[in-house]
């Protein structure tokens, strides 16, 4: 099974959901009998399935889903319905034209009671003719931003009856008489979400690394304008502005790759604990994966566009590969949990932790910086305490990021407190502080990334490698400070003269990285076939191959295009 | 003639360049005899032309263009050549398959000397058969990010001979014996650039206004999650985070529309002056239009994507219209002068002005804030001078933006100075300060936008209208301060407690704008046919129409798609 399908590595295709969701869901949630019935036909592509969760009117808020599965004990069947227009299943990949089955998430009703969401195996199309079955209204949802090859679909169910054993029954069950049997633990479904979100973090590093490879290689091939009059046009990589666009993104790509690796390791470690019944680390990992998913996908998406535009006009050509990298990656900001909702989930954990610490509870793990004792050590303002940050020392910068996060979590908690004093409800106080909460989560995630980048350096023995990666890590940390300089000044962590030092140091680091830039993207080791980019070719023969690529354009099949005979000539004749 | 073609309002099409560039260039640069020969056939679409400037290896830096036109007095012809692969003309719209003529920019060589770029009318395809003429290698450059309907093309010229009177000769001339006659003024070509760039600024307002209309209307239709448990799912417009995404962009859209109007007025006023031989205001306008073009297109492009993603999953569907708005607008960041290059052009003017002021020269116009006398009044740091900004008063905020710009121009100038002290050349000192220079230009443009928004309020008599637009203007100014809080703290223009006030005030303004949000986008007055967005429908009947739109998807023409018979069925049969 190809794990890549979960996160759309490379080009996406109609079978992605079958391989990435349908088969794994069977593996995780089907009973042994169900495995026997469905798995081999699905493995052999007789059954081609998709995973139908999102509805036209309902996305990230799963409890709002409206599709119903009502148990009829008389026939021992579930009656599946889409009761409203907003309940029509919308977006599942491969649903429109390819799949003949779907796993459908629906509200289970039995014995007059609703038991919430369950997963059901629903046949959609005839196994012989591929024609939709009675009561199944299914089709393609139309053109999208990218993903041209995937038939994302809609599904309206009108009294579709499926046998009782088509509900996935490894955990929850409905007995023949309609009795509902609860699953042993609700936390089990957390695992998959955490896994997919940590995969997406790695994917953010991957997409950004590919984009940087293309933009940095091309910037070393492209010559333009002049720095010194009369001299040859320099490589555009020699412009400070170009370096300032691309090198921090290069550092970010390395950072996210390291964070992705870390999350994967933690996930597997914790999965071991969970299988032994220890759920203690799950809330922290769940919160971290939500925030980091949002933090990394937002930055990477914007970064891909910066890389694309750093290639000038040719970045708009699909021969650069950058338009495709963007449209394929940017949906990660929305799927598997909309980013702002994710940030607020992380904030919920941070505020909860902050309150526990304020109540005297000693926190452990990544949020231990919220402990009262540590917070008392923080500077309160420029005047009250001298700053101690050394802008040339990565460990000192990690500390500054940590204190910034602590301060912003505190500010968000205080905002909620102030709202509550206006006698609004807890929920309104939360909503009225949402900007601060997102900002706090962002600072928390930023701290985690800088910390993990610094930690990674400790694992590197080779001196040369350690040196260049240290430069990258320092660049990453300092550029984040420059971008969020208001935070660091406001919280008294940096002084105004230090901020000037940061700017100066950043420029030095750019110049320092310049000779290693191409080697640093070569080190990502993307073969030309993987990049599929004329601009990002390893051999640098960009222009010859761009001409060759253009000549193969579909419009060039004939010297005179049919539009001339169909439109232009008649138009000219009429004048 | 449809002026919209210059800036791609709405959908683009193969004849855009003919209408937007070929005909206007004839009008501006053809001699009376040339007008007689070419204009009527072009007007009647017998001649379909494009404008071929950019080459595969050369974009914004025009002097680098390589195409040659060498005059041969023996036959009184120009011999046109593309001497290298990088000299192949690349990107002109309609060049690939549609046009039978092009205006080609080429280096003029005559009597053994190069006289720089001139424009030549070059026939490309037979008027009878549309087959490319001998020596003309022409075709489509292949798929792009958007612009599917336009055949952007390439053009390689191999000893193509055109008569002497095919060089556009309203200004510069080549006489029969090959004598080159200079044009009367080089500044005349400035005008068109300034005009197009100011059009683009208005277009940034337009694209953002459309995007806000869609996102804000849809956010009032879409219900999701819960703020208060047990209550119905609220409109997503009620979430503070959603307001924080969209309302500042709404304010920005209004701001850019006003700035666009202003620039258009100034352009026409100055054009009057120019026709009377007064070029004095042109450098300022030229510098302003370059910077504002970059400033507004960057923000608007990023803003369109924020609007798109604020619509959740459905923002990815082309039925939202947002993907098309993005891919159609984002090229403005690159064409008509690459944005970073534009910012550096503005910086060149700012630094020149700063140096003049430092030398005792009294500046007038928009850069008068750089005068020595004014600069002496500026606060130097938090300690040396109390801050005077009133965060509730727009005039006071305009002042703060002005002082920030002054300070950042000064910092950039000092950076150059410091570099020069290291004994590097002027050019290297400039390049080594480029980050600071772009930052200074950005601050200058931001000041201009805030100032013009505030000035616009003065023109509004209606009290209700004045009140809501004042709220928008305040939101625009305060959000800019929050985003660049580091600058305002660093330059001592704001104190830390004032920054907290800014955050608090911003939240209040969001809540205050909430009831008027839909009215404020309705006021842009885009008819449904112009928006062409299911999500942005005026009547709010989003879901029904989305279903209808999807059912018309090309893939839904048949219940069973041909791919089933072609691929799936054989695949299943083989297993």
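Chains as they are written, first to last, in UniProt numbering: chain A, 1 to 575; chain B, 1 to 575.
Cβ atoms here follow ideal geometry from the backbone N, Cα and C, with glycine treated the same way.
Measure the beta-carbon distance from residue i to residue j and round it to whole angstroms, keeping in mind my assumption that it falls under 8 Å.
{"i": "residue 303 of chain B", "j": "residue 249 of chain B", "result": "5 Å"}
{"i": "residue 64 of chain B", "j": "residue 328 of chain B", "result": "Not quite, the Cβ-Cβ distance comes to about 28 Å (not below 8 Å), so this is no contact."}
{"i": "residue 100 of chain B", "j": "residue 141 of chain B", "result": "Their Cβ separation, rounded to whole angstroms, is 18 Å, which puts residue 100 of chain B and residue 141 of chain B out of contact at 8 Å."}
{"i": "residue 528 of chain A", "j": "residue 537 of chain A", "result": "6 Å"}
{"i": "residue 555 of chain A", "j": "residue 151 of chain B", "result": "6 Å"}
{"i": "residue 542 of chain B", "j": "residue 531 of chain B", "result": "Their Cβ separation, rounded to whole angstroms, is 12 Å, which puts residue 542 of chain B and residue 531 of chain B out of contact at 8 Å."}
{"i": "residue 420 of chain B", "j": "residue 489 of chain A", "result": "Between residue 489 of chain A and residue 420 of chain B the Cβ distance is about 29 Å, and since that is not below 8 Å, they are no contact."}
For chain A, check one thing: does any of its Cβ atoms lie closer than 8 Å to the Cβ of residue i?
{"i": "residue 306 of chain B", "result": "no"}
{"i": "residue 559 of chain B", "result": "yes"}
{"i": "residue 571 of chain B", "result": "yes"}
{"i": "residue 456 of chain B", "result": "no"}
{"i": "residue 425 of chain B", "result": "yes"}
{"i": "residue 556 of chain B", "result": "yes"}
{"i": "residue 445 of chain B", "result": "no"}
{"i": "residue 550 of chain B", "result": "yes"}
{"i": "residue 490 of chain B", "result": "yes"}
{"i": "residue 224 of chain B", "result": "yes"}
Quick check: residue i and residue j, are their CB atoms within less than 8 Å of each other?
{"i": "residue 25 of chain B", "j": "residue 51 of chain B", "result": "yes"}
{"i": "residue 123 of chain A", "j": "residue 133 of chain A", "result": "yes"}
{"i": "residue 13 of chain B", "j": "residue 158 of chain B", "result": "no"}
{"i": "residue 297 of chain A", "j": "residue 227 of chain A", "result": "no"}
{"i": "residue 165 of chain B", "j": "residue 336 of chain B", "result": "no"}
{"i": "residue 169 of chain B", "j": "residue 78 of chain B", "result": "no"}
{"i": "residue 369 of chain A", "j": "residue 402 of chain A", "result": "yes"}
{"i": "residue 212 of chain A", "j": "residue 114 of chain A", "result": "no"}
{"i": "residue 485 of chain B", "j": "residue 475 of chain B", "result": "no"}
{"i": "residue 89 of chain A", "j": "residue 60 of chain A", "result": "no"}
{"i": "residue 208 of chain B", "j": "residue 241 of chain B", "result": "no"}
{"i": "residue 424 of chain B", "j": "residue 366 of chain B", "result": "no"}
{"i": "residue 312 of chain B", "j": "residue 334 of chain A", "result": "yes"}
{"i": "residue 102 of chain B", "j": "residue 118 of chain B", "result": "no"}
{"i": "residue 42 of chain A", "j": "residue 23 of chain A", "result": "yes"}
{"i": "residue 176 of chain B", "j": "residue 120 of chain B", "result": "no"}
{"i": "residue 443 of chain A", "j": "residue 405 of chain A", "result": "yes"}
With a cut-off of 8 Å, does the C-beta of residue i fall near any C-beta of chain B?
{"i": "residue 587 of chain A", "result": "With chain A represented from 1 up to 575, any question about residue 587 of chain A goes unanswered, as that position is not in the structure."}
{"i": "residue 151 of chain A", "result": "yes"}
{"i": "residue 434 of chain A", "result": "yes"}
{"i": "residue 451 of chain A", "result": "no"}
{"i": "residue 507 of chain A", "result": "yes"}
{"i": "residue 349 of chain A", "result": "no"}
{"i": "residue 199 of chain A", "result": "no"}
{"i": "residue 384 of chain A", "result": "In this prediction, residue 384 of chain A scores a pLDDT of 45, lower than 50, which makes its location untrustworthy; the coordinate-derived value is nonetheless stated afterwards. No, no contact with chain B."}
{"i": "residue 101 of chain A", "result": "no"}
{"i": "residue 539 of chain A", "result": "no"}
{"i": "residue 240 of chain A", "result": "yes"}
How would you list, in chain order, the residues of chain D whose beta-carbon sits under 7 Å from the beta-carbon of residue i?
{"i": "residue 96 of chain A", "result": "Chain labels in this structure do not include chain D; the protein chains are A and B."}
Indicate whether the contact test is met: 3 or more Cβ pairs, each with one atom in the stretch 234-250 of chain B and one in the stretch 544-554 of chain B, closer than 8 Å.
No: the two stretches stay apart, fewer than three of their Cβ pairs being nearer than 8 Å.
What ranges does the alpha helix (DSSP H) occupy inside the stretch 306-336 of chain B, keeping only unbroken runs of at least 4 residues that lie completely in it?
Complete alpha helix (DSSP H) runs here, min 4: 322-329.
Between the stretch 510-519 of chain B and the stretch 507-523 of chain A, are three or more C-beta pairs nearer than 8 Å?
Fewer than three pairs of CB atoms, one per stretch, sit closer than 8 Å, so the stretch 510-519 of chain B makes no contact with the stretch 507-523 of chain A.
Those runs of the alpha helix (DSSP H) which lie wholly inside the UniProt domain "Acyl-coenzyme A oxidase N-terminal" (10-48) of chain A and span at least 4 residues
The alpha helix (DSSP H) runs of length 4 or more contained entirely in the UniProt domain "Acyl-coenzyme A oxidase N-terminal" (10-48) of chain A are, from start to end of the chain, 23-29, 32-43.
Cβ pair count under 8 Å reaching 3, the stretch 421-431 of chain A against the stretch 223-234 of chain A
The stretch 421-431 of chain A makes no contact with the stretch 223-234 of chain A; the number of CB pairs closer than 8 Å stays below 3.
Sufficient close CB pairs (3 or more, under 8 Å) joining the stretch 195-202 of chain A to the stretch 154-172 of chain A
Counting Cβ pairs under 8 Å, fewer than three are found: no touch.
Does the stretch 33-45 of chain A come into contact with the stretch 67-86 of chain A, if we say contact requires no fewer than three beta-carbon pairs (one atom in each stretch) closer than 8 Å?
Judged by Cβ distances under 8 Å, the stretch 33-45 of chain A makes no contact with the stretch 67-86 of chain A, as fewer than three pairs qualify.
Taking three-plus beta-carbon pairs below 8 Å as touching, is the stretch 488-502 of chain A in contact with the stretch 259-275 of chain A?
Verdict: no, contact absent.
Across the stretch 449-456 of chain B and the stretch 468-483 of chain B, are there enough close Cβ pairs to call them in contact, namely three or more that are closer than 8 Å?
Three or more Cβ pairs closer than 8 Å define a contact, and the stretch 449-456 of chain B meets that threshold against the stretch 468-483 of chain B.
Within 8 Å, do at least three Cβ pairs link the stretch 438-445 of chain A to the stretch 216-226 of chain A?
No, the stretch 216-226 of chain A does not touch the stretch 438-445 of chain A.
Can you give, in chain order, each stretch of the alpha helix (DSSP H) that sits fully within the stretch 158-226 of chain A and has at least 4 residues?
List check, alpha helix (DSSP H) in window: 188-221.
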